[in-house]
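Worksheet for the structure shown next.
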Amino acid sequence: MFFGALMMKIRALIFLLIISMFGAACGTDDAESQLPADEWGRTLFDPTGDEEIAPTKDDAVTGQRGLPVSVDTASTAVWEVKNAWEDTNTAAARAAGIAWGENSGLNWDQKYQAWINSMPKTQTEGGYSRDTFMLKTPWGVELPAPALECAEVAIFLRVAFASWYNLPFFMEARDREGRIYFGHFGMRRDSGKYGSMPDFKNRYRDYSDRALDVMAGGDWPSDPDLAKKKIPGSFDDAQPMIGPDAHAGAYFDRVFLNKRTGHFLSILLAYFGSVNLADPSNTFNIKAEAVQAGDVLVDRWQAQGIGHVMVVVRRNDAGQKQVGDEMIPQIEAELASGSMPRRQPVWESPGSSKYAFTKSSTGGEGYEANNGGIKRWRTAKNVGGSWTNVVPATHTRDWINSTDKEAIAARPERFKEILVELSPDQKRDVLLETIEARRQHLQQYPASCSARIKREEAFDAFYVLMKEEFNMDPATVDAEYRTLADYVFAELDYGSSKTCCWNRSTSNMYEIAMDYNVKLQETQCTAPVVFMNRDDAGDGYDLFRQHAIELGRGDQWVAWSADESCPQAGVAVDTIVESDVADYCSIASDLPEDPVDPVQGEALDLEFSGAGAIPDNDPAGLSLSASTQDERLIAEASVFVDITHSWRGDLSITLVHPDGTREVIQEANPGDSEDNLNIRLASAGLVGKSAAGAYELIVIDNAGSDTGSVVKAVLELKVAE
Numbered sequence: 001m002f003f004g005a006l007m008m009k010i011r012a013l014i015f016l017l018i019i020s021m022f023g024a025a026c027g028t029d030d031a032e033s034q035l036p037a038d039e040w041g042r043t044l045f046d047p048t049g050d051e052e053i054a055p056t057k058d059d060a061v062t063g064q065r066g067l068p069v070s071v072d073t074a075s076t077a078v079w080e081v082k083n084a085w086e087d088t089n090t091a092a093a094r095a096a097g098i099a100w101g102e103n104s105g106l107n108w109d110q111k112y113q114a115w116i117n118s119m120p121k122t123q124t125e126g127g128y129s130r131d132t133f134m135l136k137t138p139w140g141v142e143l144p145a146p147a148l149e150c151a152e153v154a155i156f157l158r159v160a161f162a163s164w165y166n167l168p169f170f171m172e173a174r175d176r177e178g179r180i181y182f183g184h185f186g187m188r189r190d191s192g193k194y195g196s197m198p199d200f201k202n203r204y205r206d207y208s209d210r211a212l213d214v215m216a217g218g219d220w221p222s223d224p225d226l227a228k229k230k231i232p233g234s235f236d237d238a239q240p241m242i243g244p245d246a247h248a249g250a251y252f253d254r255v256f257l258n259k260r261t262g263h264f265l266s267i268l269l270a271y272f273g274s275v276n277l278a279d280p281s282n283t284f285n286i287k288a289e290a291v292q293a294g295d296v297l298v299d300r301w302q303a304q305g306i307g308h309v310m311v312v313v314r315r316n317d318a319g320q321k322q323v324g325d326e327m328i329p330q331i332e333a334e335l336a337s338g339s340m341p342r343r344q345p346v347w348e349s350p351g352s353s354k355y356a357f358t359k360s361s362t363g364g365e366g367y368e369a370n371n372g373g374i375k376r377w378r379t380a381k382n383v384g385g386s387w388t389n390v391v392p393a394t395h396t397r398d399w400i401n402s403t404d405k406e407a408i409a410a411r412p413e414r415f416k417e418i419l420v421e422l423s424p425d426q427k428r429d430v431l432l433e434t435i436e437a438r439r440q441h442l443q444q445y446p447a448s449c450s451a452r453i454k455r456e457e458a459f460d461a462f463y464v465l466m467k468e469e470f471n472m473d474p475a476t477v478d479a480e481y482r483t484l485a486d487y488v489f490a491e492l493d494y495g496s497s498k499t500c501c502w503n504r505s506t507s508n509m510y511e512i513a514m515d516y517n518v519k520l521q522e523t524q525c526t527a528p529v530v531f532m533n534r535d536d537a538g539d540g541y542d543l544f545r546q547h548a549i550e551l552g553r554g555d556q557w558v559a560w561s562a563d564e565s566c567p568q569a570g571v572a573v574d575t576i577v578e579s580d581v582a583d584y585c586s587i588a589s590d591l592p593e594d595p596v597d598p599v600q601g602e603a604l605d606l607e608f609s610g611a612g613a614i615p616d617n618d619p620a621g622l623s624l625s626a627s628t629q630d631e632r633l634i635a636e637a638s639v640f641v642d643i644t645h646s647w648r649g650d651l652s653i654t655l656v657h658p659d660g661t662r663e664v665i666q667e668a669n670p671g672d673s674e675d676n677l678n679i680r681l682a683s684a685g686l687v688g689k690s691a692a693g694a695y696e697l698i699v700i701d702n703a704g705s706d707t708g709s710v711v712k713a714v715l716e717l718k719v720a721e
């Protein structure tokens with residue numbers, strides 16, 4: 001592990017030296033090439049570590065002063081600041097906007113809340129259908145919400161609003177050299193520009209002066225470089241809601257006239273995550289009663305590592321109810337969140353949202369030190385000539401100091417009182433909905449440990465409810481509501497199970513694991529075999545891989561890879577979390593069947609011609625071709641590749657349909673130093689299209705020194721019978 005990590009660092013250093021000598025390659029930001037690809041979009045910067053410890057309340061809400069406002073004129077600037085968050089009576093503040101009328105009297109923070117609260121619901125793209133929101137822009141353009149990770153959704157929304165309305169914004173973090181600031185002034189530290197980050201002002205265009213023309217029906221200006229960008233280190237930032245080969249950059253190009261903001265976001269989202277949103281330097285804790293649209297609920301079940309962030313998208317008053325001598329306000333609040341791998345934000349029902357608000361891990365007792373819970377963005381303000389993230393004066397009555405752990409811990413219980421109460425039947429249905437949502441996620445990504453954890457958290461709450469309201473003990477609940485899949489995809493300990501680092505598992509692998517376990521039960525009941533890493537001759541998953549081969553689906557098995565930071569990669573056997581779940585064979589006869597329904601259709605395999613050496617460090621790559629005259633519609637598509645290469649992370653693979661649709665089915669991952677690529681790659685972009693015509697497969701080696709060849713490549717289609 002140490003040697004591999006060392007070699008990755010050496011290779012990155014050599015690459016940076018080459019950049020400094022000869023400049024960045026065409027269409028690539030030299031700064032972006034510095035991002036460690038093995039983080040897969042997770043936070044790279046540490047939180048500041050600052051608490052709001054101060055002599056007086058005024059000092060605490062004011063915050064720590066940051067960069068001088070003079071940095072706004074630097075070449076690193078992203079957008080110009082023209083307004084202040086507290087403005088209510090300037091010409092810009094009096095004007096009508098996306099979600100408020102003329103002379104509204106609202107300050108910009110209140111307008112941000114109104115904007116979030118006004119977004120209409122729509123359906124997610126692809127997969128199982130869930131609610132998400134339509135993003136409303138000042139130009140009259142509306143798009144389905146982008147596919148992002150959970151913290152990225154919150155950050156994207158705040159940056160978008162601040163950029164559109166020329167408001168100051170920055171987030172801060174730390175590295176070993178001190179404070180770091182990413183904001184409207186660019187990416188900087190106290191001493192100047194951060195590393196070799198772009199000079200946004202000089203490098204990219206701002207078309208904001210075309211706003212009136214666009215709103216009158218004029219053409220939308222595009223930045224081709226932005227439109228082809230991805231969030232650095234990503235393999236999952238596809239945006240199918242706007243096009244088959246669109247990634248995050250293409251989405252940003254569609255919503256920002258100021259293209260600098262899109263380029264800025266593509267880097268910001270790779271550096272900052274949930275731990276930075278939990279940081280009191282960027283957000284502040286609020287009272288439960290104060291919750292508004294635009295606030296963020298941070299689930300921090302651990303002090304270090306990943307967490308979960310949900311954005312409040314609706315807040316409605318529902319009257320009051322009397323409890324003893326107290327009249328308690330009743331509120332209906334709804335949340336939406338992205339996930340890993342990236343998805344469009346899923347809009348939760350009021351009941352599911354209440355479950356999240358009242359979880360202990362959202363800042364409740366036992367978790368109050370992790371900086372989780374309900375929070376609101378600090379606003380950047382010019383304080384004595386320095387940009388400073390403050391608690392706005394209009395929100396100080398709602399503010400809770402981050403050092404007041406008792407008040408922070410009390411909020412989940414308070415939410416139980418003030419969020420609209422559900423009937424026992426409604427509570428049951430909400431929890432079942434939550435459990436089923438996690439099961440559906442596992443059907444797509446069977447290695448997901450977070451989905452397993454959240455399913456079991458929901459079951460823990462379900463046991464309590466069913467005992468208190470329906471007089472059912474846990475064993476009876478298990479017999480009625482458990483499925484075989486819950487045992488096959490049992491909860492694993494995140495920190496000691498290497499399966500938890502694996503983000504590329506597929507629905508086919510779910511089917512294979514379930515088929516193995518269904519067949520295991522054919523003659524007599526047998527304890528299910530958990531989908532996990534175990535000590536075998538291979539990478540820990542040979543049992544299921546061999547079953548895939550027996551089914552004739554060996555090429556559908558995806559090899560294990562560390563798709564996020566993975567200190568537990570060397571464990572011999574994953575750790576199953578101990579639980580009191582009923583023994584499977586004691587309830588098996590009562591359980592519903594777990595249907596495993598592969599996509600129906602006739603198999604059509606097309607072997608690509610043109611296999612051979614891949615040109616080294618050549619953007620043209622190796623082009624392979626295959627064709628068919630079958631005109632039936634494609635129900636499922638994938639490509640099996642057998643490639644020899646001494647650094648497989650250099651490779652990217654694009655599939656081109658006969659109608660010209662291009663889909664990147666394998667992203668380059670510079671941090672993956674393993675040899676060879678023997679894998680099946682799913683293609684969602686071909687589904688529903690006619691199979692007829694000539695296909696192209698383009699394999700590109702994106703770096704020098706390491707070389708390789710395509711041994712074999714097969715396009716595997718299922719066409720409607």
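For what it's worth, UniProt numbering labels the leading residue of the sequence shown as 1, then goes sequentially. Using N, Cα and C, we set each Cβ at its ideal position, and we do this for glycine too. Given the structure is predicted, the values throughout are model-derived calculations rather than measurements.
1) Per the contact definition of three or more C-beta pairs closer than 8 Å, is the region 655 to 673 in contact with the region 602 to 614?
2) By the 10 Å Cβ neighbour count, where 16 or more other Cβ atoms means buried, how is R188 classified, buried or exposed?
3) I need the boundaries of the beta strand (DSSP E) containing H308, first residue and last residue.
4) Go ahead and label S705 buried or exposed: buried means 16 or more other beta carbons lie within 10 angstroms of its beta carbon, across all protein chains shown.
5) Quick one: which unbroken beta strand (DSSP E) runs of 3-plus residues sit fully inside the region 342 to 413? Chain order, please.
6) What is the DSSP secondary structure of G63, counted as helix, strand or coil?
7) Which same chain residues, not among the five before or five after K354, have their C-beta less than 6 Å away from its C-beta?
8) In chain order, what residues of the same chain have a beta carbon less than 6 Å from the beta carbon of R174, not counting five sequence neighbours either side?
9) As an exercise, report each continuous beta strand (DSSP E) stretch of at least 3 residues that is fully enclosed by the UniProt domain "P/Homo B" (596 to 721), in chain order.
10) Taking the straight line between their C-alpha atoms, what separation do you get for E172 and N282?
11) Short of 6 Å in beta carbon distance, which residues of its chain neighbour L268, apart from the five on each side in sequence? Order them along the chain.
12) Which of the three DSSP states, helix, strand or coil, is assigned to A336?
13) Give the DSSP-derived three-state secondary structure of F133 in the structure shown.
14) Among G351, A91, Q239, which has the Cα closest to the Cα of A250?
15) Using a Cβ-Cβ cut-off of 6 Å (strictly less than) and excluding sequence neighbours within five positions of S208, which residues of its own chain qualify?
16) Short check: CB of I643 to CB of V710, under 9 Å?
17) Can we say the region 390 to 410 touches the region 492 to 506, given the rule of at least three CB pairs closer than 8 Å?
18) Quick check on L148: does DSSP put it in helix, strand or coil?
19) Could you pull out every residue in the same chain whose Cβ sits closer than 8 Å to the Cβ of residue 771, ignoring the five residues on either side in sequence?
20) Go ahead and pull the three-state DSSP assignment for I231.
21) My parser needs the alpha helix (DSSP H) runs of 4 or more residues fully inside the region 171 to 244; what are they?
22) With distances taken Cα to Cα, identify the nearest neighbour of M532 among K519, P619, I576, D460.
23) State the DSSP-derived secondary structure class of Q524, mapped to helix, strand or coil.
24) For G538, which option in D563, R300, G570 has the closest C-alpha, if you only look at C-alpha atoms?
25) Where does S579 fall in DSSP's three states?
26) How is K519 classed by DSSP in three states: helix, strand or coil?
27) Alpha carbon to alpha carbon, what distance is there between Q64 and V311?
28) Out of I180, F170, S690, state which residue places its alpha-carbon closest to the alpha-carbon of G195.
29) Pull up the distance between the alpha-carbon of K193 and that of P68, whole angstroms please.
30) Within 10 angstroms of its Cβ, does Q440 collect 16 or more other Cβ (buried), or is it exposed?
31) For A720, collect the residues of the same chain with a Cβ closer than 7 Å to its Cβ; drop the 5 residues on either side in sequence, then sort them by chain order.
32) Buried or exposed: which applies to D542, given that a residue is buried once 16 or more other Cβ atoms fall within 10 Å of its Cβ?
33) Taking its Cβ as the centre, do 16 or more other Cβ atoms sit within 10 Å of N471, making it buried, or is it exposed?
34) What separation, rounded to the nearest whole angstrom, lies between the Cα atoms of C449 and G384?
35) Spatial neighbours of T707 within its chain, please: C-beta separation below 6 Å, excluding the five flanking residues on both sides.
36) Which whole-angstrom value describes the C-beta separation of I374 and D295, a residue pair presumed to lie in contact below a C-beta threshold of 8 Å?
Let me spell this out:
1) no
2) Mapped onto the sequence shown, residue 188 falls at position 188. So R188 ends up on the buried side.
3) Within the sequence shown, the letter at position 308 stands for residue 308. Start and end: 308 to 323.
4) On the sequence shown, position 705 is the one that residue 705 refers to. When all chains shown are included, S705 counts as exposed.
5) 373 to 377, 379 to 383, 386 to 390
6) As a first step, residue 63 must be located in the sequence shown, where it is residue number 63. Coil at G63, not helix or strand.
7) For the purposes of this step, residue 354 is identified with residue 354 of the sequence shown, where counting begins at 1. Excluding residues within five positions, the ones whose Cβ falls inside 6 Å are L419.
8) Along the sequence shown, read from residue 1 onward, the residue named residue 174 stands at position 174. Only D46, T48 meet the Cβ criterion.
9) 602 to 607, 622 to 628, 634 to 645, 651 to 656, 662 to 666, 677 to 682, 693 to 701, 708 to 719
10) Here residue 172 refers to the residue found at position 172 when the sequence shown is read from its first residue. Here residue 282 refers to the residue found at position 282 when the sequence shown is read from its first residue. Near 7 Å, if we compare the C-alpha coordinates of N282 and E172.
11) On the sequence shown, position 268 is the one that residue 268 refers to. So the qualifying residues of the chain are F182.
12) To locate residue 336, count along the sequence shown from 1; it is residue 336. Here A336 sits in strand by DSSP.
13) Along the sequence shown, one-based indexing puts residue 133 at 133. Correct three-state label for F133: strand.
14) In the sequence shown, counting from the first residue as 1, residue 250 sits at position 250. When each option's Cα is compared against that of A250, the closest is Q239.
15) By 1-based counting over the sequence shown, the position of residue 208 is 208. Here the set comprises L257, N258.
16) The residue labelled residue 643 in the question sits at position 643 within the sequence shown. The residue labelled residue 710 in the question sits at position 710 within the sequence shown. Yes, these two residues count as a Cβ contact at 9 Å.
17) no
18) In the sequence shown, counting from the first residue as 1, residue 148 sits at position 148. Three-state result, L148: strand.
19) Not covered by the structure: residue 771. The range shown for the chain is 1 to 721.
20) Working through the sequence shown from its first residue, we reach residue 231 at position 231. Reduced to three states, the DSSP call for I231 is coil.
21) 200 to 203, 211 to 215, 224 to 227
22) Position 532 of the sequence shown holds residue 532. The shortest Cα separation from M532 among K519, P619, I576, D460 belongs to I576.
23) Residue numbering aside, residue 524 sits at position 524 when the sequence shown is read from its first letter. Of the three classes helix, strand and coil, the one that applies to Q524 here is coil, per DSSP.
24) Start at 1 with the first residue of the sequence shown, and residue 538 comes out as number 538. When each option's Cα is compared against that of G538, the closest is G570.
25) Within the sequence shown, the letter at position 579 stands for residue 579. DSSP places S579 in coil when its eight states are reduced to three.
26) What you label residue 519 is simply residue 519 of the sequence shown in a count that begins at 1. Looking at K519 - three-state DSSP - the assignment turns out to be helix.
27) Against the sequence shown, residue 311 aligns to sequence position 311. Against the sequence shown, residue 64 aligns to sequence position 64. Between V311 and Q64, the C-alpha separation is close to 26 Å.
28) Numbered from 1 along the sequence shown, position 195 holds the residue referred to as residue 195. When only C-alpha atoms are compared, the closest one is I180.
29) On the sequence shown, position 193 is the one that residue 193 refers to. On the sequence shown, position 68 is the one that residue 68 refers to. Distance between the alpha carbons of K193 and P68 is about 13 Å.
30) Indexing the sequence shown from 1 puts residue 440 at position 440. Q440 is exposed by the Cβ-count criterion.
31) To locate residue 720, count along the sequence shown from 1; it is residue 720. Correct list, in chain order: G601, R632, L633, A635.
32) Taking the sequence shown and counting its residues from 1, the one referred to as residue 542 is at position 542. D542 is exposed by the Cβ-count criterion.
33) The residue labelled residue 471 in the question sits at position 471 within the sequence shown. That one is exposed.
34) Sequence index remark: in the sequence shown, residue 449 carries index 449 (1-based). Sequence index remark: in the sequence shown, residue 384 carries index 384 (1-based). Each residue's alpha carbon lies about 48 Å from the other.
35) Taking the sequence shown and counting its residues from 1, the one referred to as residue 707 is at position 707. Cβ neighbours of T707 beyond the five flanking positions: D616.
36) For this step, residue 374 is matched to residue 374 along the sequence shown. For this step, residue 295 is matched to residue 295 along the sequence shown. The Cβ separation is near 6 Å, so the contact holds.
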